[in-house]
Amino acid sequence: MSRNNAGLSAERIITEALRIIDGQGLRRLTMRRLGDALEVEAMAVYHHFPLGKEQLFDAIVEYVTDVSRPERTGTEGTDGDADGGTAPAGEAAQDDRPWDERLRSWAHDYRAALLRHSGALPLFIHRRPDTEAALHALELHYAAFAEAGLEGADIVRAAAALDAYVTGAVIGQVRGDGLAGANPAVLDGRFPTVARLRGLDPDPRTAFDAGLEALLRSLAGDA
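When the letters of the sequence shown are read in order and numbered with UniProt numbering, they come out as residues 1 to 223.
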């Protein structure tokens, strides 16, 4: 098949772009390198993303955050956890699990997706969560917290807190697994509490689950 007629789809381009990001880093993703990986001319990629890399970045963010995709259920995070799947978006209204189970499944799936593609995390910072995938997640959150007994602005605040917790937990784990600085601070007598508790950090999955349970209890506690 020629380099100009490779039967490309937008999803194939996105998944190959993520493969480059995951393996080489976000800065290494160029339209030329992406075309080479797909064995097509770069212009074939522009046929699907005529506005260029920024349009592709938008699509990557939506793809990663769409944890309702059926093929993503039962996936594993980068720390080896197997997580249960969130019901496909089109079936959300038929999910009769309790509210907290629905939110717990979403949180695990979203964490796994972000960890799997942690190299793409910088793309999330300056993009509004206004994609269809984001709205599906928001619908799930709002409906679940309404079922928990919250009303009005309390629902909105609870959903924002849950999203912030999952995203923040992932960033914290990725940062903790990152490279040490050139001149790391010395843990001396100025930090007695840190020194006393050093080495007691739970594994990331245990810490995430404990924080998630505490958050869900506190958000629904006054309902």
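Using N, Cα and C, we set each Cβ at its ideal position, and we do this for glycine too. Source: prediction; values computed, not measured.
Item                                                                                                              : Value
So aspartate 22 packs on glycine 176, CB below 8 Å; how close in whole Å?                                         : Not really, about 19 Å apart at Cβ, beyond 8 Å.
On the three-state DSSP scale, how would you describe threonine 78?                                               : Reliability of the predicted coordinates at threonine 78 is poor, the pLDDT of 45 falling under 50, and the value obtained from them is presented with this limitation in mind. The answer is coil: DSSP assigns threonine 78 none of H, G, I, E or B.
What does the alpha-carbon distance come out to for the pair alanine 214 and alanine 161?                         : 12 Å
Using CA atoms only, rank isn't needed, just tell me which of Ala148, Leu219 and Leu26 is closest to leucine 121. : Leu26
How many Å lie between alanine 59 and valine 186 at the Cα?                                                       : 43 Å
Beta-carbon separation of aspartate 100 and leucine 179 under 7 Å?                                                : no
Touch check for the region 98-115 and the region 151-167: three-plus C-beta pairs under 8 Å?                      : yes
Among the candidates Ala134, Ala144 and Ile13, whose CA atom is the shortest distance from the CA of alanine 42?  : Ile13
Count Cβ pairs between the region 45-63 and the region 130-138 that sit closer than 8 Å; are there 3 or more?     : yes
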